[in-house]
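Quick notes on the structure that follows.
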Amino acid sequence: MTDTKSEVAASAPVNINTASVDQLMTLSGIGRKVAEKIVQYRTTHGVFKKPQEIRRVQGIGAGLWERNRGRIVVE
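For the sequence shown, this note's numbering begins at 106 and goes up steadily by one.
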């Protein structure tokens, strides 16, 4: 198997309660600005209890959620 680090990162689960901005940016369609909003949201409101709560963050719509729902986890 010859997966590169970026290919592995692009398929690995992302815990949205602990992920860094860079880790959040491995999600499809998530750039630095939205990743920073996710971190700010969890700092202000506390941890996410369910993965779909990420949709409360400004900039995360139905399309982004659907593309990433298999990789977004909360622990």
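Cβ coordinates follow ideal geometry from the N, Cα and C atoms, glycine included.
Whole-number beta carbon distance between residue j and residue i, since they are thought to touch under 8 Å
i, j, result
"Ile121", "Val179", "6 Å"
"Lys142", "Gly164", "6 Å"
"Arg78", "Tyr146", "Since the first and last residues shown for the chain are 106 and 180, residue 78 lies out of range."
Where residue i sits in the DSSP three-state scheme
i, result
"Asn120", "strand"
"Val178", "strand"
"Leu169", "helix"
"Thr148", "helix"
"Gln128", "helix"
Sub-8 Å separation of residue i and residue j beta-carbons
i, j, result
"Val126", "Val144", "yes"
"Arg174", "Ser133", "no"
"Arg176", "Val119", "yes"
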